[in-house]
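Participant: What follows is a structure written as structure tokens; I'll ask about it next.
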Amino acid sequence: MNSLKLNSTIELITNENEKVYGIIYDIIKDKVFVAVSADDKEFKLLHKGEKLQCISSDSKTILSFKAILTDRIQSDSPIYELSSITNLKEMQRREDVRVSCSLPIEFIDKDSMQKEWIPYEGTIVNLSASGLRLSCSVNYKMNTNLFIRFDIENREYQLNAKIVYKELIPQKERSIYHYGIKFIDIEEREREKIIQYLFALMRKNKMR
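Below, the structure is given as structure tokens:
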């Protein structure tokens, strides 16, 4: 319990994989109190007795644990009381941690984007909070500036990016290129969402 910090962001995940975001409002003995905003467009009211998977993060660490929602305190915004905390796991936060995945992505170079919006399609083969590895059949030069668009768990990301690495993968029918893509000026909220997704993905991979 000492690892949990006040005012850290926290994600509450139900058994149906529905998610509620908030902050750790208070910690009293073996109970954690989470404040959520009812104005959030993703707001979902949780109920007493629900079993939750929780992911909390601050500037240094990411923690995951299981809990039961034992009370809901009415105030300007709902405050949830979490008890029966188990399986507390901690991971050092690193921006360069890359996790293998397979996600569709659309992309276009900035010069072509000024003329017309006809994006190419490719696959994200690994992802981090600072960038991704793109697999596609398009031949770009190093340092090309891109606009990229992809979805993670029904959330769309539209980001400016730059090619910082290039690798040719020879194939019989056509060549495939792998690019190291660096995010440019990504908002902190978007970065946090990606980090939480990566942590959840790593946890799932360990369970297999």
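Note that the sequence shown covers residues 1 to 208 in full-length UniProt numbering. Ideal Cβ positions, reconstructed from N, Cα and C, are used throughout, including at glycine. Because the structure is a prediction, the values reported are computed rather than measured.
(1) So Lys110 is in the alpha helix (DSSP H); what residue range does that whole segment cover?
(2) Where does Gln158 fall in DSSP's three states?
(3) Quick one: what's got a C-beta closer than 7 Å to Lys44's C-beta in the same chain, skipping five residues either side?
(4) May I ask which residues mark the beginning and end of the beta strand (DSSP E) holding Gln53?
(5) Using DSSP's beta-bridge definition, name the partner residues of Leu134.
(6) Using 8 Å as the threshold, is the C-beta distance between Lys89 and Leu63 below it?
(7) Rounded to the nearest angstrom, what separates Gln53 and Ile13 at their Cα positions?
(8) Between the stretch 125 to 134 and the stretch 167 to 185, do at least 3 Cβ pairs fall closer than 8 Å?
(9) Let me know if Ser57 comes out buried or exposed under the rule of 16 or more other beta-carbons within 10 Å of its beta-carbon.
(10) Going by DSSP in three states, Lys66 sits in which element: helix, strand or coil?
(11) Considering only residues of the same chain and omitting the five flanking positions on each side of Leu6, which have a CB-CB separation below 8 Å?
(12) Can you give me the C-alpha to C-alpha distance between Val36 and Ile194, rounded to a whole angstrom?
(13) Let's test the definition: count the other Cβ atoms within 10 Å of the Cβ of Gln114 and tell me whether it reaches 16, buried, or not, exposed.
(14) Reducing DSSP to helix, strand and coil, say where Ala129 ends up.
(15) By how many angstroms is the C-alpha of Ile176 removed from the C-alpha of Val138?
(16) Comparing alpha-carbon positions, which option in Leu198, Lys31, Glu50 and Thr9 lies nearest Phe128?
Facilitator: Looking at the atomic coordinates:
(1) Counting from one through the sequence shown, the residue named residue 110 turns up at place 110. Here the alpha helix (DSSP H) through Lys110 covers Lys110 to Met113.
(2) As a first step, residue 158 must be located in the sequence shown, where it is residue number 158. Correct three-state label for Gln158: strand.
(3) As a working note, residue 44 is residue 44 in the sequence shown. For Lys44, the CB contacts under 7 Å within the same chain, skipping 5 residues up- and downstream, are Glu18 and Val20 in chain order.
(4) Translated into the one-based positions of the sequence shown, residue 53 becomes position 53. Run containing Gln53: Lys51 to Ser57, per the beta strand (DSSP E) assignment.
(5) Numbered from 1 along the sequence shown, position 134 holds the residue referred to as residue 134. Bridge pairing for Leu134: Ile124 and Tyr179 [DSSP].
(6) Locating residue 89 in the sequence shown gives position 89, where the first residue counts as 1. Locating residue 63 in the sequence shown gives position 63, where the first residue counts as 1. Yes, Cβ-Cβ distance for Lys89 and Leu63 is below 8 Å.
(7) What you label residue 53 is simply residue 53 of the sequence shown in a count that begins at 1. What you label residue 13 is simply residue 13 of the sequence shown in a count that begins at 1. The alpha-carbon atoms of Gln53 and Ile13 are separated by roughly 5 Å.
(8) Contact between the stretch 125 to 134 and the stretch 167 to 185 is present, because at least three Cβ pairs lie under 8 Å.
(9) Your numbering for residue 57 matches position 57 in the sequence shown. The residue is buried, with at least 16 neighbouring Cβ atoms inside 10 Å.
(10) For this step, residue 66 is matched to residue 66 along the sequence shown. In the displayed model, Lys66 falls within a strand according to three-state DSSP.
(11) Along the sequence shown, one-based indexing puts residue 6 at 6. Excluding positions up to five away in sequence, the list reads Ile24, Tyr25, Asp26 and Ile27.
(12) The residue labelled residue 36 in the question sits at position 36 within the sequence shown. The residue labelled residue 194 in the question sits at position 194 within the sequence shown. Roughly 20 Å between the two C-alpha positions.
(13) Looking up residue 114 in the sequence shown gives position 114. Exposed.
(14) Start at 1 with the first residue of the sequence shown, and residue 129 comes out as number 129. Three-state result, Ala129: coil.
(15) The sequence position of residue 138 within the sequence shown is 138, counting from 1. The sequence position of residue 176 within the sequence shown is 176, counting from 1. Going by the C-alpha atoms only, they are around 8 Å apart.
(16) Taking the sequence shown and counting its residues from 1, one reaches residue 128 at position 128. Per the sequence presented here, residue 128 reads as Ser, with Phe not at that position. Closest option to Ser128, Cα to Cα, is Leu198.
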